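In this text, residue positions in the sequence shown follow my numbering: the first is -6, and each later residue adds one. For glycine and all other residues, C-beta sits at the position ideal for the given N, C-alpha and C. Just so we're clear, the structure is a prediction, and the values are computed from it rather than from any experiment.
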Amino acid sequence: MNIFRLAGDMTHLMSIVVLLLKIRATKSCRGISLRTQEMYLLVFLCRYLDLFYSFVSLYNTVMKLIFLASSAAIVYYMRYDRVVKQTYDRRQDTFRYLFLIVPCLILALLINHAFTLTEILWTFSIYLEAVAILPQLVLMQRTQNIDNLTGNYVLLLGTYRGLYILNWIFRFFTEPHYRQWLVWISGLLQTALYGDFFYYYFKCWKSNKKLTLPA
């Protein structure tokens, strides 16, 4: 494992920790898209099926279990916690995620490395992760209710993807047979979706203003 992959994993983990801290400490999920969180949980469920039949390393297994458990906890809090669920912006978080899930599934059936159930689900998870942040970005744009923890959560998610791109570049030049075109293209699309957010985040940070996204 190279330093970019490790830094990417830790940044991804930090993003989830920040979100859980926000929910636990403030007893609020205001500004957080449940639809994005449910899609991330679906991503991990489809991608980590290999936990049942393949062992890579202790680090790999532990990280997968952490991502699964933390994502499930976030969805649970937002849906079933008596206090937290009352702060959910249900009327604003209306992005129809089937418009993302169904095309990603169809694309996974058509473009994959092997036409097997596990490979199709893994490919589906790659495609879905690329666009899962969209409901969150739309919610932030609609409500303009972007507190520091929510903004930092999205910032860390975008940083994690940027670090993974550096990881791919490093592996491309150090591993002769490393080629992952589906992963690369999906990752670049995902990173591009954060571009607008990054621009306004650092613009507001530089001017010491509250983060807002243009409607």
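- Here the alpha carbons of LEU12 and LEU204 stand approximately 17 Å from one another.
- With 16 or more other Cβ atoms from the protein chains shown falling within 10 Å of its own Cβ, ARG40 counts as buried.
- For VAL77, the CB contacts under 8 Å within the same chain, skipping 5 residues up- and downstream, are ILE16, LYS20, SER21, CYS22, TYR70 and MET71 in chain order.
- Scanning the region 158 to 187 for uninterrupted alpha helix (DSSP H) segments of 4 residues or longer gives 174 to 186, listed from N- to C-terminal end.
- The count of Cβ pairs closer than 8 Å, one atom from the region 24 to 36 and one from the region 171 to 184, stays below three, leaving the stretches out of contact.
- Scanning its chain for C-beta atoms nearer than 6 Å, with the 5 sequence neighbours on each side dropped, one finds around PHE60 the residues PHE37, in chain order.
- Cα atoms of LEU149 and THR109: separation of roughly 33 Å, rounded to the nearest angstrom.
- Contact between the region 157 to 166 and the region 135 to 148 is absent: fewer than 3 CB-CB pairs across the two stretches fall below 8 Å.
- THR111 has its alpha-carbon roughly 11 Å from the corresponding atom of PHE45.
- Between ASP140 and GLY24, the CB-CB gap stays under 8 Å.
- Per the coordinates, the alpha-carbon of CYS97 lies some 37 Å from the alpha-carbon of LYS202.
- The same chain holds no residue with a CB closer than 8 Å to that of ALA62 once the five nearest residues on each side in sequence are set aside.
- In this model, ILE126 and TYR187 are separated by some 9 Å (Cα to Cα).
- Taking 8 Å as the cut-off, the beta carbon of SER26 is found closer than this to the beta carbon of LEU132.
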